[in-house]
Amino acid sequence: TRHARIHPSILSADFANLEAELARIADADSVHVDIMDNHFVPNLTLGLPVVERLQQVSPVPLDVHLMIADPDRWAPGYAEAGAASVTFHAEAATAPIRLARQLRSLGARAGVGLRPATPVEPWLDLLAEIDLLLVMTVEPGFGGQAFLDVMLPKIRRARAAVDGSGAQVALQVDGGITRETIVAAADAGADVFVAGSSVYGADDAAAAIAGLREVAGG
Ligand code: DX5
Ligand code: ZN
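Encoded structure:
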């Protein structure tokens, strides 16, 4: 089985103690940073000034997930801040190929996110342009929602296309990932797992991360 990478989401962390909350997940592969603007999704989190500070103090790389309108305008700033990956939404970008190339030229991995009802097929010819494909397994906007099993066929189709393309594209799932649901997501072909409430809601976050990795098969 492929190596499972675990990205805890700071959406479920204590926003008054972010540096300490990052230290709790120092064993993770990256920290997933959910940016929401109250337009693309009905919730508001944090923005570039906070991400610039997180980048300075984080023990792990930043995986930025932009749930915002007009990512063409805002996404490059997160790459300039030093985020390891910047994921924008397919539904929100005006010129996604241009934006992905710009993110890469700034030294970030370029990611494209798909809401549950957004088909993956239009992206299958563009895999060489991106480094990460995010299949949302909840409607974006809030932590703590239930995993949508109906996304499993989409994950399988994405995995087959990535393998067939030969491109080095990470296949990320985000939403409702627990020790139970991660098994099916990994079996369908996902290799990067975002987990908010199931890691930050645990007393021992490091043990929760290790547990997710173990049941995902490595
Ligand atoms: C939801 C966010 C997720 C969220 C996941 O819109 O994109 O990253 O933090 O939280 P859980 O793991 O609790 O579903
Ligand atoms: Zn997210």
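Numbers 7 to 224, taken from my numbering, label the letters of the sequence shown in order. Virtual Cβ for every residue (Gly too), placed ideally from N, Cα, C.
- Closest by C-alpha distance to Leu109, out of Glu127, Pro14, His95, Ile136, is Ile136.
- Between Leu133 and Val92, the C-beta spacing is not below 9 angstroms.
- The DSSP assignment places 176–180, 198–201 as complete runs of the beta strand (DSSP E) inside the region 165–223, in order along the chain (cut-off: 3 residues).
- One residue list follows from the rule of a beta carbon closer than 5 angstroms to any heavy atom of the ligand ZN, given in chain order as Asp40, His71, Asp180.
- The closest heavy atom of the ligand DX5 lies 8 angstroms or more from the beta carbon of Leu138.
- Here the distance from the Cβ of Pro77 to the nearest heavy atom of the ligand DX5 is not below 8 angstroms.
- Ala34 sits close to Val66, with the two beta carbons spaced by under 9 angstroms.
- Excluding its 5 nearest sequence neighbours in each direction, Val205 has C-beta neighbours in its own chain below 7 angstroms: Pro14, Ile31, Ala211, Ala214, Ile215, listed in chain order.
- Between the region 64–81 and the region 36–51 there are three or more inter-stretch CB-CB distances shorter than 8 angstroms, so the stretches are counted as touching.
- Boundaries of the beta strand (DSSP E) around Gly119: 115–120.
- Remark: C-beta atoms of Val144 and Gly117 do not approach each other more closely than 9 angstroms.
- Secondary structure at Val70: strand, using DSSP grouped into helix, strand and coil.
- Between Ala98 and Leu105, the beta carbon gap of about 10 angstroms keeps them out of contact (Cβ cut-off 8 angstroms).
- If only uninterrupted beta strand (DSSP E) runs of at least 3 residues are considered, those enclosed by the region 21–99 are 37–42, 68–73, 91–95.
- A distance of 9 angstroms or more separates the beta carbons of Val168 and Ala222.
- Relative to the ligand DX5, the beta carbon of Ala201 is positioned inside 8 angstroms of a heavy atom.
- Judged by DSSP secondary structure, Ile103 falls within the alpha helix (DSSP H) whose first and last residues are 102–111.
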